[in-house]
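Trainee:
Number of protein chains: 2
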Amino acid sequence: MQITEWDTPAAMVDLDILEANIARLQKYLDEHGVRNRPHVKTHKIPEIAHMQIRAGAVGITCQKISEAEVMAQGGIQDIFLPYNIVGAAKLERLTHLASRVRLSMTADSEFTVRGLSAAAHARGLELPVLVEFDTGGCRCGVQTPEEAFNLANLIAHSPGLRFGGLMTFPLNDNTDPFVTRAKELLGRVDIPIDIVSAGSSAQMYNVHRHPVVNEHRAGQYVYGDRRTVKSGTMSLDDCSFKIIATVVSRPTATRGILDAGSKSLSSDIGQSLEGHGQILEYPDACIYTLSEEHGHVDFSKCAKKPEIGERVTIIANHCCPANNLFNEIVAVRKNEVQVVWPVAARGTVK
Amino acid sequence: MQITEWDTPAAMVDLDILEANIARLQKYLDEHGVRNRPHVKTHKIPEIAHMQIRAGAVGITCQKISEAEVMAQGGIQDIFLPYNIVGAAKLERLTHLASRVRLSMTADSEFTVRGLSAAAHARGLELPVLVEFDTGGCRCGVQTPEEAFNLANLIAHSPGLRFGGLMTFPLNDNTDPFVTRAKELLGRVDIPIDIVSAGSSAQMYNVHRHPVVNEHRAGQYVYGDRRTVKSGTMSLDDCSFKIIATVVSRPTATRGILDAGSKSLSSDIGQSLEGHGQILEYPDACIYTLSEEHGHVDFSKCAKKPEIGERVTIIANHCCPANNLFNEIVAVRKNEVQVVWPVAARGTVK
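The listed protein sequences derive, respectively, from chains G and B. With this note's numbering as the guide, the letters of the first sequence map in order to residues 388 to 737. With this note's numbering as the guide, the letters of the second sequence map in order to residues 388 to 737.
Here's what the structure looks like:
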């Protein structure tokens with residue numbers, strides 16, 4: 388079946404482009420001796436995770452235990468979970484998961500470390516825990532190398548745990564001085580930093596400029612979206628993930644309404660991005676607003692305007708939440724449908 | 388089990404409040420002789436739809452055929468689908484659905500009418516089709532009463548179809564003059580307007596100010612969210628739908644990070660709403676940004692600040708896309724878990 392016969396709205400991935408994206412980043416990181424540990428939150432599909440590992444990734448990154456559980460069920464054996472796991476229910480699931488796959492974690496507080504230690508120790512595990520540090524993302528993470536030193540020290544001396552290194556998001560110029568200073572402090576007490584893990588697709592081809600980093604986590608690079616294009620790391624032609632939609636109304640001379648809204652594209656915007664997606668067939672059109680099941684498009688700048696019933700192809704602002712809205716992704720090669728992938732880890736927020 | 392023992396992030400609905408919301412709107416619309424046809428896109432749960440019908444609703448509204456199919460499978464018998472259905476695949480499903488439930492439709496173009504007519508006629512159906520008109524929502528809908536007249540006329544003379552009335556979103560002061568003029572035009576050719584259907588939760592208690600309207604579609608009113616509170620039609624205490632989250636990091640003196648991000652709360656903002664949700668326990672806190680699995684909170688204005696591991700309760704900006712992100716909704720009464728509802732029509736974008 389051709390993708391042109393597939394009903395809309397649908398999320399599709401072009402396999403040729405997907406494979407090229409996987410190969411390109413792997414080649415770059417291999418050339419620079421940096422371990423690749425892609426973040427699967429973008430696709431949430433075990434078969435794509437296996438493609439990434441077959442290409443050379445050392446394992447994967449998941450954001451929630453439930454996401455990691457789905458990937459473990461899909462046969463993935465090495466999972467990094469850079470999230471503060473808090474609370475008895477999750478700690479219990481964590482130890483079960485850690486007995487089935489090689490699991491590593493992060494923490495940014497004594498609270499998280501004590502919880503991990505008690506749970507891991509009770510099960511006779513030795514869980515690697517990296518210290519998360521904040522390079523300006525202003526999310527989680529310790530704020531200073533001194534705090535990183537204290538927490539690493541605590542991990543190294545906590546039963547059931549092993550200090551695994553340092554982790555941050557996003558990679559930027561604050562990364563190097565932070566790691567250098569933390570290494571200096573930890574060196575004094577003979578605690579080595581095995582892994583320095585950085586993340587971001589926007590910065591993925593700058594990793595070699597940060598020699599302190601030896602492992603990288605990129606998510607969006609497999610799919611690509613307007614944000615990664617805006618960041619300059621990918622072109623529109625590199626985007627393998629596309630939303631197909633149909634024009635269902637042309638109420639005025641310039642307005643067109645699509646059958647894809649915020650429940651297909653997500654409401655994510657992007658720094659200085661105009662509109663809610665890029666229509667490939669109408670590069671001058673603007674998806675100026677979204678209802679839940681309608682995309683509102685201004686075609687006034689387009690010389691030719693679409694008819695009702697016409698299909699269009701959209702590059703999303705942000706592929707990760709868009710992928711998460713679909714039950715299945717249609718994988719095509721040269722427009723022929725090859726497989727329909729359930730988004731196995733969709734909705735795994737716990 | 389108490390909801391306080393339920394792992395986070397989770398979406399919960401308070402049944403006492405839900406029932407009160409359903410009863411209040413029904414009573415108001417009954418008092419004013421307006422038929423209630425709630426929009427189930429908010430909850431996507433057949434049992435809530437049945438509660439709405441048992442309270443007095445004449446049927447439900449769905450936004451996509453796939454959503455209507457799930458509701459039909461759940462035993463709902465009267466469904467209004469105010470969407471331009473375009474393309475052979477959907478038209479075929481539509482006729483199957485119309486042979487199982489009382490289905491009514493909308494159209495805003497000759498293209499849509501011709502498709503509906505051909506499909507319905509081939510199956511020997513007589514499908515009621517309302518003309519959608521635009522009151523300033525700038526989505527779908529004919530632009531003038533004259534266009535409405537022409538399309539109604541076409542529907543009335545199309546095999547397989549019956550003209551069912553007029554429909555708009557949102558209800559506002561443009562509604563009345565439009566309908567009055569359309570009625571005048573259609574009266575000249577003896578085409579009656581049976582139903583005038585308006586929509587919006589923000590305007591739901593203003594329906595009596597628009598005597599031309601005899602049917603109303605509200606969605607959010609069952610749940611409530613910051614948008615409906617902002618609109619003045621509901622209070623925070625009327626919100627039955629809540630996201631429970633846990634503080635997983637306190638990296639600085641004022642910043643707190645929750646385990647609920649845009650994949651739990653959605654990225655939907657709201658006119659002049661600050662932040663991505665209202666934390667009930669910390670009314671002065673601001674969820675100033677969202678990562679996919681983290682909520683970033685500024686607690687600087689709160690005298691008392693939360694500890695890591697503390698649970699918080701969030702009223703979402705927009706309950707509809709938030710509900711759509713969860714696989715299940717935990718229904719509680721006086722904090723005791725009564726039932727876990729699968730969000731049966733989640734992801735039904737087709």
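Ideal Cβ positions, reconstructed from N, Cα and C, are used throughout, including at glycine.
Output the residue ranges of the alpha helix (DSSP H) runs that lie fully inside the stretch 442–486 of chain G and measure 4 residues or longer, sorted by chain position.
Mentor: DSSP runs (the alpha helix (DSSP H)) wholly in the stretch 442–486 of chain G: 452–460 and 475–485.
Trainee: What residues from chain G crowd round alanine 709(B), counting only those whose CB sits closer than 9 Å?
Mentor: Working through the second sequence from its first residue, we reach residue 709(B) at position 322. Per Cβ cutoff of 9 Å: no residues; alanine 709(B) is ~11 Å from chain G at best.
Trainee: Determine the direct distance from the alpha carbon of arginine 480(G) to that of alanine 494(G), and round the result to whole angstroms.
Mentor: Numbered from its first residue, the first sequence carries residue 494(G) at position 107. Numbered from its first residue, the first sequence carries residue 480(G) at position 93. Going by the C-alpha atoms only, they are around 17 Å apart.
Trainee: Going by Cα to Cα distance, which pick from Thr735(G), Phe713(G) and Pro598(G) is closest to glutamate 715(B)?
Mentor: Sequence index remark: in the second sequence, residue 715(B) carries index 328 (1-based). Ranking Thr735(G), Phe713(G) and Pro598(G) by Cα distance to glutamate 715(B) puts Thr735(G) first.
Trainee: Please list, in chain order, all residues of the same chain as asparagine 601(G) whose beta carbon is under 7 Å from its beta carbon, the five residues on each side excluded.
Mentor: Within the first sequence, numbered from 1, the residue matching residue 601(G) stands at position 214. Around asparagine 601(G): Val421, Arg422, Ile582 and Val583.
Trainee: Is the CB of arginine 501(B) under 8 Å away from at least one CB in chain G?
Mentor: As a first step, residue 501(B) must be located in the second sequence, where it is residue number 114. With 8 Å as the cut-off, arginine 501(B) does not count as an interface residue toward chain G.
Trainee: First and last residue of the beta strand (DSSP E) that includes valine 726(B)?
Mentor: Translated into positions along the second sequence, residue 726(B) becomes position 339. Counting along the chain, the beta strand (DSSP E) containing valine 726(B) begins and ends at 723–729.
Trainee: When you compare the CB of glycine 528(B) with every CB in chain G, is at least one pair closer than 8 Å?
Mentor: Residue 528(B) sits at position 141 when you count from the first residue of the second sequence. So, interface residue.
Trainee: Output, in sequence order along the chain, the residues in the stretch 652–673 of chain B whose CB is closer than 8 Å to any CB in chain G.
Mentor: Cβ contacts with chain G come from Ser653, Ser654, Asp655 and Ile656.
Trainee: Kindly identify the DSSP beta-bridge partner or partners of arginine 549(B).
Mentor: Indexing the second sequence from 1 puts residue 549(B) at position 162. Paired residue(s): Pro515(B).
Trainee: Between proline 557(B) and valine 427(B), what straight-line distance do the alpha-carbon atoms span, to the nearest angstrom?
Mentor: Taking the first residue of the second sequence as 1, we reach residue 557(B) at position 170. Taking the first residue of the second sequence as 1, we reach residue 427(B) at position 40. C-alpha separation (whole angstroms): 16 Å.
Trainee: Less than 6 Å between C-beta atoms, sequence neighbours within five positions excluded: which residues of the same chain meet that for threonine 567(B)?
Mentor: Position 180 of the second sequence holds residue 567(B). Excluding positions up to five away in sequence, the list is empty.
Trainee: In whole angstroms, give me the CA-to-CA distance for proline 515(G) and isoleucine 447(G).
Mentor: Position 128 of the first sequence holds residue 515(G). Position 60 of the first sequence holds residue 447(G). Spanning the two alpha carbons is a distance of roughly 15 Å.
Trainee: Counting only beta-carbon atoms, is leucine 481(G) nearer than 8 Å to chain B?
Mentor: To locate residue 481(G), count along the first sequence from 1; it is residue 94. Taking Cβ atoms only, chain B never reaches closer than 8 Å to leucine 481(G), which makes this a no.
Trainee: Please identify the residue among Thr429(B), Leu553(B), Arg424(B) and Cys449(B) whose C-alpha is closest to the C-alpha of isoleucine 440(B).
Mentor: Stepping through the second sequence from its first residue, residue 440(B) is reached at position 53. Comparing Cα positions, the closest option is Arg424(B).
Trainee: For leucine 712(B), which residues in chain G fall below 7 Å Cβ to Cβ?
Mentor: Within the second sequence, numbered from 1, the residue matching residue 712(B) stands at position 325. Under the 7 Å cutoff, chain G gives Gly734.
Trainee: Beta-carbon within less than 8 Å of arginine 489(G)'s beta-carbon, same chain only, minus the 5 sequence neighbours each way: which residues are those?
Mentor: Looking up residue 489(G) in the first sequence gives position 102. Gly446, Gln464, Asp465 and Ile466.
Trainee: Taking Cβ positions only, does proline 557(B) come closer than 8 Å to chain G?
Mentor: The residue you call residue 557(B) lines up with position 170 of the second sequence. Closer than 8 Å: no.
Trainee: Within a Cβ cutoff of 7 Å, which residues of the same chain sit near aspartate 671(G), ignoring the five residues on either side of it in sequence?
Mentor: What you label residue 671(G) is simply residue 284 of the first sequence in a count that begins at 1. Hits under 7 Å: Lys688 and Cys689.
Trainee: With distances taken between CB atoms, is the gap from lysine 629(G) to methionine 399(G) smaller than 8 Å?
Mentor: On the first sequence, residue 629(G) is found 242 positions in, with the first residue counted as 1. On the first sequence, residue 399(G) is found 12 positions in, with the first residue counted as 1. Cβ atoms of lysine 629(G) and methionine 399(G): closer than 8 Å.
Trainee: Could you give the first and the last residue of the continuous alpha helix (DSSP H) run that contains glutamate 406(B)?
Mentor: The residue you call residue 406(B) lines up with position 19 of the second sequence. It spans 402–418 - the alpha helix (DSSP H) in which glutamate 406(B) sits, taken as one unbroken run.
Trainee: For lysine 650(B), return the contacting residues in chain G, with the cut-off set at a CB-CB distance below 7 Å.
Mentor: Against the second sequence, residue 650(B) aligns to sequence position 263. Near lysine 650(B) (Cβ distances below 7 Å), the residues of chain G are Pro708, Asn711 and Val736.
Trainee: Can you have a look at glutamine 658(B) and say buried or exposed, based on whether 16 or more other CB atoms are within 10 angstroms of its CB?
Mentor: By one-based count along the second sequence, residue 658(B) stands at place 271. It counts as exposed.
Trainee: By the DSSP assignment, the beta strand (DSSP E) with threonine 633(B) in it spans what residues?
Mentor: Taking the first residue of the second sequence as position 1, residue 633(B) is located at position 246. Run containing threonine 633(B): 628–636, per the beta strand (DSSP E) assignment.
Trainee: Using DSSP with H/G/I as helix, E/B as strand and the rest coil, what is alanine 398(B)?
Mentor: The count along the second sequence starts at 1 and reaches residue 398(B) at position 11. Three-state DSSP puts alanine 398(B) in a strand.
Trainee: What are the residues that DSSP puts in a beta bridge with serine 685(G)?
Mentor: For this step, residue 685(G) is matched to residue 298 along the first sequence. Contrary to the premise, residue 685(G) reads as aspartate rather than serine in this sequence. DSSP, once it has assigned bridges, lists Arg642(G) and Cys673(G) as partnering aspartate 685(G).
Trainee: For aspartate 685(B), which residues in chain G fall below 7 Å Cβ to Cβ?
Mentor: Numbered from 1 along the second sequence, position 298 holds the residue referred to as residue 685(B). The contacting residues do not exist; aspartate 685(B) stays about 10 Å from chain G at best.
Trainee: State the Cα-Cα distance for the pair glycine 662(G) and leucine 512(G), rounded to the nearest angstrom.
Mentor: One-based indexing of the first sequence puts residue 662(G) at position 275. One-based indexing of the first sequence puts residue 512(G) at position 125. Between glycine 662(G) and leucine 512(G), the C-alpha separation is close to 49 Å.
Trainee: Along chain G, which residues have their Cβ under 7 Å away from the Cβ of asparagine 471(B)?
Mentor: Within the second sequence, the letter at position 84 stands for residue 471(B). Chain G residues near asparagine 471(B): Val635 and Ser636.
Trainee: Once you ignore the five residues that flank alanine 442(G) on each side, which residues in its own chain have a CB closer than 7 Å to its CB?
Mentor: Mapped onto the first sequence, residue 442(G) falls at position 55. So the list reads Ile409, Ala410 and Gln413, once near-sequence residues are dropped.
Trainee: Taking the straight line between their C-alpha atoms, what separation do you get for glutamate 497(G) and glutamate 519(G)?
Mentor: Along the first sequence, one-based indexing puts residue 497(G) at 110. Along the first sequence, one-based indexing puts residue 519(G) at 132. Between glutamate 497(G) and glutamate 519(G), the C-alpha separation is close to 12 Å.
Trainee: Considering only their Cβ atoms, is the gap separating asparagine 704(G) from glycine 664(G) smaller than 8 Å?
Mentor: Taking the first sequence and counting its residues from 1, one reaches residue 664(G) at position 277. Taking the first sequence and counting its residues from 1, one reaches residue 704(G) at position 317. Result yes, Cβ atoms of glycine 664(G) and asparagine 704(G) sit closer than 8 Å.
Trainee: Thinking C-beta only, is valine 594(G) closer than 8 Å to aspartate 645(G)?
Mentor: Taking the first sequence and counting its residues from 1, the one referred to as residue 645(G) is at position 258. Taking the first sequence and counting its residues from 1, the one referred to as residue 594(G) is at position 207. According to the sequence displayed, residue 645(G) carries leucine and not aspartate. No, these two residues do not count as a Cβ contact at 8 Å.
Trainee: Does the distance from the C-beta atom of serine 545(G) to that of aspartate 401(G) stay below 8 Å?
Mentor: Taking the first residue of the first sequence as 1, we reach residue 545(G) at position 158. Taking the first residue of the first sequence as 1, we reach residue 401(G) at position 14. No. Outside cutoff.
Trainee: Is the beta carbon of serine 636(B) sitting closer than 8 Å to the one on cysteine 527(G)?
Mentor: Taking the second sequence and counting its residues from 1, one reaches residue 636(B) at position 249. Taking the first sequence and counting its residues from 1, one reaches residue 527(G) at position 140. Yes; because the gap between Cβ atoms is below 8 Å, this pair is in contact.
Trainee: Look up leucine 503(B) in the DSSP assignment and give the residues it is bridged to.
Mentor: Position 116 of the second sequence, counted from the start, is the residue given in the question as residue 503(B). The partner list for leucine 503(B) (beta bridge, DSSP) is empty, contrary to what the question assumes.
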